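One structure is given here, and the rest of the page talks about it.
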Amino acid sequence: MDDDSNLSNFESMKIRPTLTITERVFGKDGQVPTEIAPNETLNYEILVDSGYIAKDKGTYGQVTITQTYDTHLKPPTDLNVIDENGQKIGTATYNASTKVIEAKLDAGTPRSKKVNVTFKAEVKDDAAEGEFIVGQATVSGKYSTGDEVNKTSNEVRITIIGSIGVLEFVSAPQVIDFGKKLAISPKNKTYHPINPDTPLAVKDNRPLTSNPSWTMTAKLDTPLTGSTTGSKLDSLRYSYDGNISILTEDASVQI
Numbered sequence: 080m081d082d083d084s085n086l087s088n089f090e091s092m093k094i095r096p097t098l099t100i101t102e103r104v105f106g107k108d109g110q111v112p113t114e115i116a117p118n119e120t121l122n123y124e125i126l127v128d129s130g131y132i133a134k135d136k137g138t139y140g141q142v143t144i145t146q147t148y149d150t151h152l153k154p155p156t157d158l159n160v161i162d163e164n165g166q167k168i169g170t171a172t173y174n175a176s177t178k179v180i181e182a183k184l185d186a187g188t189p190r191s192k193k194v195n196v197t198f199k200a201e202v203k204d205d206a207a208e209g210e211f212i213v214g215q216a217t218v219s220g221k222y223s224t225g226d227e228v229n230k231t232s233n234e235v236r237i238t239i240i241g242s243i244g245v246l247e248f249v250s251a252p253q254v255i256d257f258g259k260k261l262a263i264s265p266k267n268k269t270y271h272p273i274n275p276d277t278p279l280a281v282k283d284n285r286p287l288t289s290n291p292s293w294t295m296t297a298k299l300d301t302p303l304t305g306s307t308t309g310s311k312l313d314s315l316r317y318s319y320d321g322n323i324s325i326l327t328e329d330a331s332v333q334i
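Numbering (this note's numbering), first residue to last: 80 to 334.
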């Protein structure tokens, strides 16, 4: 047997962490929507986590994040590239010709940083009901160490519904008549109006899925003035359901 020692050389190998890319979308209420109406706004997030820890010395190098922009949306606004602490670490741009959003990281950005690309997108006026808004992002390129990156996110899909509708006045009284030859007493007294000339009617054609609600307020444009005495009332008491509110020229109350 040879006296020389048989040496086996073992190469020290580092296992590269698993990179993840996740796309998320939220409505104006902060919830994840399943449907959206024309002219409503979506808030997008593209989250990239390289998996590397802080002591790693590599940078993102030539890595970019891209997304083909859905044609049902108006051009994106408020594009940002930030880290997990909300600090700017790159720049995102939108190419209207290719319909692509591209995010590039600042030179020297450590790959241990988590990346968040954010933007807002408003649904077009003529977006067809029943069609889908689809979003899916890709991260690709090379780290500073030469390692290649190429991964695609999950797909987010939202159904377009009909117009969200509006809240509008159908009619409102022009004259509220308390009767002829009405004597205003200096004492507290309740005066009941006669039927108004036009009923108050409000039409709310917003979808029930949006949980619509509304309130109405009123105030005095000008003080009530006696036709013969010229006396003015600079305020009115509005009573409803046991609650009394004061209407003036400067203060409106809910009615």
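All C-beta atoms, glycine included, are put in the ideal place defined by N, C-alpha and C. Remember, it's a predicted structure, so these values are computed and weren't measured experimentally.
Length of the line joining the Cα atoms of residue i and residue j
{"i": "D83", "j": "T97", "result": "Reliability of the predicted coordinates at D83 is poor, the pLDDT of 49 falling under 50, and the value obtained from them is presented with this limitation in mind. The straight-line gap from Cα to Cα measures roughly 42 Å."}
{"i": "K134", "j": "I94", "result": "15 Å"}
{"i": "T188", "j": "S331", "result": "54 Å"}
{"i": "V104", "j": "K153", "result": "16 Å"}
{"i": "L126", "j": "P302", "result": "59 Å"}
{"i": "E205", "j": "Q110", "result": "A small correction: the amino acid at residue 205 is Asp; Glu does not occupy that position in the sequence shown. Each residue's alpha carbon lies about 24 Å from the other."}
{"i": "L315", "j": "T294", "result": "20 Å"}
{"i": "E247", "j": "G140", "result": "55 Å"}
{"i": "V213", "j": "P117", "result": "15 Å"}
{"i": "P252", "j": "I168", "result": "58 Å"}
{"i": "L261", "j": "P291", "result": "41 Å"}
{"i": "E102", "j": "D320", "result": "50 Å"}
{"i": "T217", "j": "T143", "result": "8 Å"}
{"i": "A200", "j": "T120", "result": "6 Å"}
{"i": "I334", "j": "N322", "result": "10 Å"}
{"i": "A182", "j": "S232", "result": "15 Å"}
{"i": "Y317", "j": "T304", "result": "18 Å"}
{"i": "Y173", "j": "N164", "result": "24 Å"}
{"i": "S310", "j": "P265", "result": "11 Å"}
{"i": "Y148", "j": "A175", "result": "9 Å"}
{"i": "G137", "j": "E234", "result": "29 Å"}
{"i": "T308", "j": "D108", "result": "54 Å"}
{"i": "I325", "j": "H271", "result": "16 Å"}
{"i": "T296", "j": "A207", "result": "36 Å"}
Assumed close pair residue i, residue j - CB separation to whole angstroms, cut-off 8 Å
{"i": "V228", "j": "K282", "result": "About 54 Å separates the two Cβ atoms, so there is no contact after all."}
{"i": "L299", "j": "T269", "result": "Not really, about 18 Å apart at Cβ, beyond 8 Å."}
{"i": "E114", "j": "I237", "result": "6 Å"}
{"i": "S191", "j": "S129", "result": "7 Å"}
{"i": "I180", "j": "Q215", "result": "Wrong, their Cβ atoms sit about 12 Å apart, outside the cutoff."}
{"i": "I132", "j": "K230", "result": "Going by Cβ atoms, the distance from I132 to K230 rounds to 19 Å, so no, they are not a contact pair."}
Cutoff 8 Å: residue i Cβ touching any chain C Cβ
{"i": "E208", "result": "The chain inventory of the structure shown lacks chain C, comprising one protein chain alone."}
Spatial neighbours of residue i in its chain, beta-carbon cut-off 7 Å, leaving aside the 5 residues before and after
{"i": "T150", "result": "K178"}
{"i": "G258", "result": "I273"}
{"i": "D276", "result": "P252, Q253 and V254"}
{"i": "K203", "result": "P117, H151, L152 and K153"}
{"i": "E210", "result": "H151 and I239"}
Beta-carbon contacts of residue i that lie in its chain and below 6 Å, excluding the five residues immediately before and after
{"i": "T156", "result": "K199"}
{"i": "A280", "result": "V249 and S250"}
{"i": "G106", "result": "P112"}
Report yes or no: do the segment 153-161 and the segment 220-237 share at least 3 C-beta pairs separated by less than 8 Å?
-> Taking 8 Å as the limit for Cβ pairs, the verdict is that the segment 220-237 does not touch the segment 153-161.
Mind pulling the beta strand (DSSP E) runs of 3 or more residues that sit fully within the segment 195-245?
-> 211-214, 216-221, 227-231 and 235-239
Can we say the segment 181-200 touches the segment 114-128, given the rule of at least three CB pairs closer than 8 Å?
-> yes
List in chain order: all unbroken beta strand (DSSP E) runs of 3+ residues lying wholly within the segment 255-302.
-> 280-283
Could you give the uninterrupted runs of the beta strand (DSSP E) lying entirely in the segment 128-203, keeping only those of 3 residues or more?
-> 143-147, 156-161, 167-174, 179-184 and 194-201
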